[in-house]
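Visitor:
2 protein chains.
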Amino acid sequence: MINKNSPVPIYHQLEEYIKHQIENGALVEESVIPSEREYAEMFQISRMTVRQAINNLVSEGYLKRHKGRGTFVTKKKVEQELQGMTSFTEDMLSRGMNPSSILLSFQITIADKKTALALRIKEEDSVYIIKRIRLADGAPMALETAYIPVKIVPGLTEENSNLSLYQYIEENLALSISEATQEIEASTADHLDAETLEINIGDPILLIERISYLQEGIPFELVKSTFRADRYRFIHTMKR
Amino acid sequence: MINKNSPVPIYHQLEEYIKHQIENGALVEESVIPSEREYAEMFQISRMTVRQAINNLVSEGYLKRHKGRGTFVTKKKVEQELQGMTSFTEDMLSRGMNPSSILLSFQITIADKKTALALRIKEEDSVYIIKRIRLADGAPMALETAYIPVKIVPGLTEENSNLSLYQYIEENLALSISEATQEIEASTADHLDAETLEINIGDPILLIERISYLQEGIPFELVKSTFRADRYRFIHTMKR
DNA sequence: CAGTGGTCTAGACCACCAG
DNA sequence: TGGTGGTCTAGACCACTGA
């Protein structure tokens, strides 16, 4: 299970091992896992190495420690996934709904002032503008407009943008995504919102504006979404 | 600076020391800090202990490591503070506004079914119900109702609830707060909302429902807030 | 009481980076 | 090449928990 000669660090191998044990059910939710000393003995490694693996799993939320008692597998699983950056698709799946989308338009134009500022590009730089209706279980859930700088994410087409943008960036362009900031506000539907989302003018809607960043702090997308308030609420967890 | 005989762990003392150095400006943003070996030598402690301190500061966002180059002080500071669980007061201050509040009512009653479920208590258990209008720069910003189990947070009064509830819990009761989950949705103002928030019926409002947890996963407060959409938008950062 | 996690030591070798 | 962080070892003592 643990290969000391692998270039992969031992603590990381142990992390994967324990994660698999949890997923397999070999380690049961809410119950104790072997002690640090047992793992050290089991794999003939140092207890400090075991601690490093367990520390990482604790900070990822898989395990929790209790002084004098032991280390336990965390319960909840679906909720766990909800944390972090999720795409609309991932978000809907975790809510038990079936996501789909309708592409309204896909174009390349020059960034306007506000968009250029948010994406930290020049006003003459070109951006993709992608408009979609997002559906959950076949019913309209949100109206979404994404602005993506061509310089940062070249080669985007109608096809690959319909798959996962994040996956395209991370795998095809070998860039790494680090974080996103969101601003969430309440508003009421105007004519266009009402028509596309199949609601009435004046009905409440949730506006979410997201800017996503690469590792070095470079913005790579600005997404403005309008969600139906009767079908969507935003859920998140904050640590103190 | 470092007291080896203190009951406070050395790595924690070192964390505080480095944090102060950053705040004082003794360690400048974006520049290298002393190497792990230097800290170890400087305070006559083990390098692994230094690493533990630095690891914690890295995960808190104060420092970042670069293989072969050194450890650096992170830039941004205000943005850093915005993350994590913040009270209304902290939130407003970080937005450059002056927070205040008007206590509407303070009572102890029996939990209703929904509240008991959210707080994981019995229906016959008593809860504090505290209603307030939250103001920013003297103008109504939100209407807030907090439900707090008496069993978990005993001794709450009109006075100490008006100061920081979190501070009371952490200092007077010696409990530690770990995290909170929030659900955010859009709605429109009803008669009561309109009156207390000084807006019109039908105006958009942001509903935020927060459940806060102690270290062991025990809920200690349920807060339902109604924010004026024209004055408040919720902002947060997500890591991938 | 025995076992657990929490802290700590004094070394070691490695890959990486800058000059 | 010398210094950095990354990984790892084989011990140690402590405070806490549960039986």
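If you're matching them up, the sequences are chains A and B in order. Going by the numbering used here, the first residue of the first sequence is number 10, and it counts up by one from there. Going by the numbering used here, the first residue of the second sequence is number 10, and it counts up by one from there. Backbone N, C-alpha and C define an ideal beta-carbon position, used for all residues, glycine too. Quantities reported herein were computed from a predicted structural model and do not represent experimental measurements.
1) Would you mind working out which of M150(B), I220(B) and V159(B) sits nearest I138(B), comparing C-alpha positions?
2) Just to confirm before moving on: does the CB-CB distance between T80(B) and Y71(B) stay below 8 Å?
3) Straight-line CA distance for R143(A) to N107(A)?
4) Looking only at C-alpha atoms, which of T166(B), V162(B), M101(B) and A203(B) sits nearest to I178(B)?
5) Against A238(A), what residues of chain B qualify as contacts under a CB-to-CB distance less than 8 Å, listed in chain order?
6) Assuming Y8(A) is part of the alpha helix (DSSP H), what are its boundary residues?
7) Does the pairing of the stretch 197-204 of chain B with the stretch 124-133 of chain B give three or more beta-carbon distances under 8 Å?
8) For D212(B) and I11(B), what's the separation of their Cα atoms in angstroms?
9) Let me see if you follow: with CB-CB separation under 8 Å, is Q89(A) close to chain B or not?
10) Within 8 Å of any Cβ in chain B, is that where the Cβ of I189(A) sits?
11) I'd like to know if H245(B) contacts chain A, where contact means its C-beta is closer than 8 Å to some C-beta of that chain.
12) Just to check, is the beta-carbon of H200(B) closer than 7 Å to a non-hydrogen atom of the ligand ATP?
13) List the residues of chain B whose Cβ lies closer than 7 Å to the Cβ of P213(A), in chain order.
14) Given a cut-off of 8 Å on the beta-carbon distance, is the pair I63(B) and E39(B) in contact?
15) Could you check the C-alpha separation between Q30(A) and E24(A) for me, to the nearest Å?
16) Please give the ranges of any beta strand (DSSP E) in the stretch 116-193 of chain A, keeping only runs that are unbroken, at least 3 residues long and fully inside the region.
17) Beta-carbon within less than 6 Å of I111(B)'s beta-carbon, same chain only, minus the 5 sequence neighbours each way: which residues are those?
18) Taking the alpha-carbon of E192(B) as reference, which of L215(B), N209(B) and E207(B) has the nearest alpha-carbon?
19) So is R74(A) in contact with chain B if we call contact Cβ pairs under 8 Å?
20) How would you label L152(A), buried or exposed, when you count the other beta carbons within 10 angstroms and need 16 or more for buried?
21) Please classify L113(B): is it buried, with 16 or more other beta-carbons within 10 angstroms of its beta-carbon, or exposed?
22) Starting from the beta carbon of R242(B), find every residue of chain A whose beta carbon is closer than 7 Å, and list them in chain order.
23) Using a Cβ-Cβ cut-off of 6 Å (strictly less than) and excluding sequence neighbours within five positions of T154(A), which residues of its own chain qualify?
24) For A198(A) versus I220(A), is the C-beta spacing smaller than 8 Å?
25) Using the beta-carbon count (16 or more within 10 Å), is V87(B) buried or exposed?
26) Any beta carbon of chain B sitting closer than 8 Å to that of S68(A)?
27) So with Cβ pairs under 8 Å, would you call K123(B) a contact of chain A?
28) Exposed or buried, what is T58(B) when buried is set at 16 or more other beta-carbons lying within 10 Å of its beta-carbon?
29) Using the beta-carbon count (16 or more within 10 Å), is A35(A) buried or exposed?
30) Let's see if you can read the secondary structure: which residues bound the alpha helix (DSSP H) around T98(B)?
31) Would I157(A) and S135(A) be called neighbours here (beta carbons separated by less than 8 Å)?
32) If you reduce the DSSP assignment to three classes, tell me which class R242(B) lands in.
33) How close, in whole Å, do the beta carbons of S68(B) and S68(A) come, if the pair is a contact with beta carbons under 8 Å?
34) Terminal residues of the continuous beta strand (DSSP E) containing T205(B)?
35) Can you tell me the Cβ-Cβ gap for S96(B) and Y175(B), rounded? I've got them flagged as a contact below 8 Å.
Guide: Taking the geometry as given:
1) The sequence position of residue 138(B) within the second sequence is 129, counting from 1. Ranking M150(B), I220(B) and V159(B) by Cα distance to I138(B) puts V159(B) first.
2) By 1-based counting over the second sequence, the position of residue 80(B) is 71. By 1-based counting over the second sequence, the position of residue 71(B) is 62. It is not a contact, given that the beta carbons lie outside the stated cut-off.
3) For the purposes of this step, residue 143(A) is taken as residue 134 along the first sequence, with counting starting at 1. For the purposes of this step, residue 107(A) is taken as residue 98 along the first sequence, with counting starting at 1. Their backbone Cα atoms lie some 11 Å apart in a straight line.
4) Within the second sequence, residue 178(B) is the residue found at index 169, counting from 1. Nearest C-alpha to I178(B): V162(B).
5) Position 229 of the first sequence, counted from the start, is the residue given in the question as residue 238(A). Near A238(A) (Cβ distances below 8 Å), the residues of chain B are E194, A195 and S196.
6) Here chain A covers residues 10 to 249 and nothing more, so residue 8(A) does not appear.
7) no
8) Walking along the second sequence from the start, residue 212(B) turns up at place 203. Walking along the second sequence from the start, residue 11(B) turns up at place 2. Approximately 57 Å between the Cα atoms of the pair.
9) Position 80 of the first sequence, counted from the first residue, corresponds to residue 89(A). Residue confidence for Q89(A) is low, a pLDDT of 41 falling below 50, so the modelled location carries little weight; the figure read from the coordinates is stated next. No, no contact with chain B.
10) Position 180 of the first sequence, counted from the first residue, corresponds to residue 189(A). Strictly speaking, residue 189(A) in this sequence is Ala, with Ile absent from that position. So, interface residue.
11) Residue 245(B) sits at position 236 when you count from the first residue of the second sequence. H245(B) counts as touching chain A.
12) This structure simply doesn't include the ligand ATP, nor any ligand for that matter.
13) By 1-based counting over the first sequence, the position of residue 213(A) is 204. What P213(A) touches in chain B: A195, S196, T197 and P213.
14) Here the question's residue 63(B) lines up with position 54 in the second sequence. Here the question's residue 39(B) lines up with position 30 in the second sequence. Not a contact, by the Cβ cut-off of 8 Å.
15) The residue labelled residue 30(A) in the question sits at position 21 within the first sequence. The residue labelled residue 24(A) in the question sits at position 15 within the first sequence. Each residue's alpha carbon lies about 10 Å from the other.
16) 135-145 and 148-158
17) Position 102 of the second sequence, counted from the start, is the residue given in the question as residue 111(B). I142.
18) Locating residue 192(B) in the second sequence gives position 183, where the first residue counts as 1. Measuring from the Cα of E192(B), the nearest candidate turns out to be L215(B).
19) Mapped onto the first sequence, residue 74(A) falls at position 65. So, not an interface residue.
20) To locate residue 152(A), count along the first sequence from 1; it is residue 143. Buried is the call here.
21) Translated into positions along the second sequence, residue 113(B) becomes position 104. Result: exposed.
22) Numbered from 1 along the second sequence, position 233 holds the residue referred to as residue 242(B). Neighbours of R242(B) on chain A, chain order: E192, I193 and E194.
23) For the purposes of this step, residue 154(A) is identified with residue 145 of the first sequence, where counting begins at 1. Answer for T154(A): K140 and K233, listed in chain order.
24) The residue labelled residue 198(A) in the question sits at position 189 within the first sequence. The residue labelled residue 220(A) in the question sits at position 211 within the first sequence. Result no, Cβ atoms of A198(A) and I220(A) do not sit closer than 8 Å.
25) Numbered from 1 along the second sequence, position 78 holds the residue referred to as residue 87(B). Low local confidence applies: a pLDDT of 38 at V87(B) is under 50, so the model's placement there is unreliable, with the coordinate-based value given in what follows. With fewer than 16 other Cβ atoms within 10 Å, it is exposed.
26) The residue labelled residue 68(A) in the question sits at position 59 within the first sequence. Yes, because at least one Cβ of chain B sits closer than 8 Å to the Cβ of S68(A).
27) By one-based count along the second sequence, residue 123(B) stands at place 114. With 8 Å as the cut-off, K123(B) does not count as an interface residue toward chain A.
28) As a position in the second sequence, residue 58(B) is number 49, starting the count at 1. Buried, by the Cβ-count rule.
29) As a first step, residue 35(A) must be located in the first sequence, where it is residue number 26. Looking at its Cβ environment, which holds fewer than 16 other Cβ atoms inside 10 Å, A35(A) is exposed.
30) Along the second sequence, one-based indexing puts residue 98(B) at 89. From DSSP, the alpha helix (DSSP H) with T98(B) extends over F97 to S103.
31) As a first step, residue 157(A) must be located in the first sequence, where it is residue number 148. As a first step, residue 135(A) must be located in the first sequence, where it is residue number 126. Taking 8 Å as the Cβ cut-off, I157(A) and S135(A) do not qualify as a contacting pair.
32) If you number the second sequence from 1, residue 242(B) lands on position 233. Here R242(B) sits in coil by DSSP.
33) Position 59 of the second sequence holds residue 68(B). Position 59 of the first sequence holds residue 68(A). Indeed, because the Cβ distance is near 7 Å, the residues count as touching under 8 Å.
34) Walking along the second sequence from the start, residue 205(B) turns up at place 196. Run containing T205(B): none in the beta strand (DSSP E); it sits in the alpha helix (DSSP H), H200 to L206.
35) One-based indexing of the second sequence puts residue 96(B) at position 87. One-based indexing of the second sequence puts residue 175(B) at position 166. Right, the Cβ-Cβ distance comes to about 6 Å (below 8 Å), so this counts as a contact.
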